[in-house]
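Under our numbering, think of the first position of the sequence shown as 20, with each following residue one higher. Ideal placement from N, C-alpha and C gives every residue a C-beta, glycine not left out. For reference, the structure discussed in these notes is given below.
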Amino acid sequence: MTRPANNPGRLYGVGLGPGDPELVTVKAARLIGSAGVIAYHSARHGRSIARSVAAPYLSGDQVEEALVYPVTTETTGHPGGYQGALDDFYAACAIRLAEHLDAGRDVVVLCEGDPMFYGSYMHMHKRLAHRYETEVVPGVTSVSGAAAVLGRPLVERDETLTVLPGTLPAERLAAHIGSADSVAILKLGRTFEKVRDAFAAAGRLDDAWYVERATTAGERIAPLADVDPASVPYFSLALLPSPVRDPAAPPARTAPPPAAGEVAVVGLGPAGRPWLTPEAQDALMTADELVGYGPYLDRVPANPRQKRHATDNRVEAERAAHALELALSGSRVAVVSSGDPGVFAMASAVLEVACEERFAGVPVRVVPGLTAAHAVAARAGAPLGHDYCVISLSDQLKPWEVVADRVRAAARADLVLAVYNPASRTRTWQVAAARDLLLEHRDPGTPVIIGRAVGSPAEDVRVTTLGELDPAGVDMRCLLIVGSSTTRIVARERGDVVFTPRRYPA
């Protein structure tokens, strides 16, 4: 990417992981493909391991800056010695990259492993990060890659990991090895014999491993004691993995504990995963079997480990008994319910059946969910901000006379009403009847919210008044909120809001 004049480019230090191009992060791959300039270090032969790892992600039309080391430890005539020559080299590289950055070109500096973990990128970072906007993209370290291919944990529980460069003096290496839980030693190559001898001096050579070019086609793994020093390249390391659990001595197998069944009645909320609580997610994930009304079960992602038992919506008692019987046989059962299971839903049905003597020992817990009333209220504002009641208009499980008496009582008490089950395919007259009952005590201008399928792609929330409420616009997927005498509709820039003040007139 090239920016306009006087707008410098951005510097990226991008970690490539231990060598396998598939271990490059998604972010690293994206930046490699989009940057205007790609920089990478290499030895004098010009071949760059970093570039070879990044090759699948290069766009093919980028400027490449090969930062070729000019010296080795044996060949330098610099008055400052090897380190002086390197300092001059890094300074010159920084100047080259700064020219691109000043011209508005983004520069990605490739780095094997992680840029901030013994990474070559750090030399550019120290010289440029204070002058340009900079971002470092972490990568999988060689230590993590080596542990993965070795199949042994680095550290467990309260252990500590000690990472050392092989360039340390032998006595310091041995002291660290002798006192550490786990050890990784990098920068082998010509330091290998010293490192091997340090493990031997610490009495831990037999437990140490050698890993070369982890995760690449040239990967090699061997006991450290068996490795020929003449065959060791720089890109290798010595690893003393966790001593806590040795694969050669697996823990004794014990019989699994007897199954402990339970029933969790889980509230799914009004719709979709964003409305699901973490506790509900856990109950669904840990269940062996799921029981519920078919459309509600369909909202739970399928898991081949679990059995699903879908039923019709009108067999709540049978559904509850089935769930309890499954738990009685040892299954962890989740009974799913839309909204909150304790609000006109499955919790009371399950608990009622659970009171039968045969289910006395089955644990039942109720996992709450976001109710439809609260979801609709939130979409409109805060109509439930003061005292309110929840009423179902369904007369399937109670006589209409009881429903009517409760509607009248709520109206007389000046309560906000959250009205569930206002209509269905076979119940089409209750909305009009309830409206007329409320109008005996409420002003026709009382706000009414009609919330349909809240949380789903078909969501529709409308605000009207009690006098203008049209029953034809209400179906089985709707919930109504009828305001009190204090509920207000207020016009705001982004649309009307409905709220009920927390204070009630004296």
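What's the gap between the Cα of residue i and the Cα of residue j?
i: Tyr76; j: Pro476; result: 37 angstroms
i: Ile410; j: Arg425; result: 8 angstroms
i: Glu335; j: Ala321; result: 22 angstroms
i: Ala430; j: Leu458; result: 8 angstroms
i: Arg333; j: Val516; result: 37 angstroms
i: His64; j: Phe211; result: 23 angstroms
i: Pro441; j: Ile469; result: 10 angstroms
i: Gly79; j: Pro248; result: 39 angstroms
i: Ala194; j: Gly222; result: 11 angstroms
i: Ser504; j: Arg513; result: 25 angstroms
i: His60; j: Pro89; result: 11 angstroms
i: Ala85; j: Ala203; result: 30 angstroms
i: Pro27; j: Glu231; result: 40 angstroms
i: Val467; j: Ser356; result: 26 angstroms
i: Ser443; j: Cys374; result: 31 angstroms
i: Val480; j: Arg398; result: 7 angstroms
i: Ala122; j: Gly103; result: 29 angstroms
i: Ile508; j: Asp494; result: 24 angstroms
i: His142; j: Glu478; result: 56 angstroms
i: Ala453; j: Val45; result: 57 angstroms
i: Arg427; j: Pro418; result: 15 angstroms
i: His144; j: Glu131; result: 15 angstroms
i: Pro269; j: Pro262; result: Caution applies to Pro269, whose pLDDT of 47 falls short of 50 and renders its modelled position unreliable; the model cannot decide the point.
i: Ala302; j: Ala283; result: 7 angstroms
i: Asp106; j: Ala113; result: 11 angstroms
i: Arg461; j: Ala364; result: 29 angstroms
i: Ser67; j: Pro297; result: 47 angstroms
What do you reckon, are the CB atoms on residue i and residue j nearer than 8 angstroms?
i: Ala47; j: Gly158; result: yes
i: Val310; j: Val354; result: yes
i: Pro37; j: Ala233; result: yes
i: Leu403; j: Ala392; result: yes
i: Leu120; j: Pro260; result: no
i: Thr483; j: Gly502; result: no
i: Glu281; j: Ala346; result: yes
i: Gly185; j: Val214; result: yes
i: Glu308; j: Lys326; result: yes
i: Val155; j: Ala54; result: no
i: Val246; j: Gly208; result: no
i: Val372; j: Thr390; result: no
i: Tyr101; j: Arg146; result: no
i: Val285; j: Val386; result: yes
i: Ala69; j: Leu116; result: no
i: Ala220; j: Ala257; result: no
i: Pro289; j: Gly358; result: yes
i: Leu287; j: Ala299; result: yes
i: Val72; j: Pro134; result: no
i: Val450; j: Leu498; result: no
i: Lys206; j: Tyr140; result: no
i: Asp200; j: Val182; result: no
i: Val352; j: Ala306; result: yes
i: Arg496; j: Arg471; result: yes
i: Thr465; j: Leu485; result: yes
Please report whether the beta-carbon of residue i lies at a distance below 8 angstroms from any beta-carbon of chain D.
i: Asp455; result: This model lacks chain D altogether, as it is built from one protein chain only.
For residue i, which residues does DSSP report across the bridge?
i: Val470; result: Note on identity: in this sequence residue 470 is Gly, with Val being the wrong assignment. BP columns for Gly470 point to Val480, Leu498.
i: Gly36; result: Gly132
i: Tyr312; result: Thr330
i: Tyr609; result: Because the chain spans 20 through 525 in this model, residue 609 falls outside it and cannot be assessed.
i: Glu281; result: Arg351
i: Val229; result: It is Tyr, not Val, that sits at residue 229 in the sequence shown. Answer is Ala241, Ala257, bridged to Tyr229.
i: Val509; result: Val516
i: Ala85; result: Tyr59
i: Thr153; result: Leu30
i: Arg49; result: Looking at the DSSP assignment, Arg49 forms no beta bridge with any residue, so it has no partner.
i: Gly319; result: Residue identity differs from the one stated: residue 319 is Val in this sequence, not Gly. In DSSP, Val319 forms no bridge with anything.
i: Gly291; result: In DSSP, Gly291 forms no bridge with anything.
i: Ser356; result: Gly286
At a cut-off of 7 angstroms, is residue i close to the ligand NAD when judged by its beta-carbon and the heavy atoms of the ligand?
i: Thr390; result: With respect to the ligand NAD, the structure shown offers nothing to examine, as it has no ligands at all.
Contact check, residue i vs residue j under 8 angstroms by CB: the rounded distance?
i: Val56; j: Arg124; result: 5 angstroms
i: Phe378; j: Leu412; result: Incorrect: roughly 32 angstroms between the Cβ atoms, too far for contact.
i: Asp406; j: Leu434; result: 6 angstroms
i: Leu243; j: Ala217; result: Actually they do not touch by this definition, with Cβ atoms about 11 angstroms apart.
i: Leu30; j: Ala111; result: 17 angstroms between Cβ atoms; not a contact.
i: Tyr229; j: Ser255; result: 7 angstroms
i: Ala339; j: Ala368; result: 5 angstroms
Task: Length at least 3, wholly inside the segment 383 to 433: the beta strand (DSSP E) runs in chain order - done: Given a length threshold of 3 residues, each whole run of the beta strand (DSSP E) inside the segment 383 to 433 is given here in chain order: 383 to 386, 407 to 411.
Task: Completely contained beta strand (DSSP E) runs for the segment 160 to 233, where each covers 3 or more residues - done: Within the segment 160 to 233, the complete beta strand (DSSP E) runs of at least 3 residues are 180 to 184, 201 to 205, 228 to 231.
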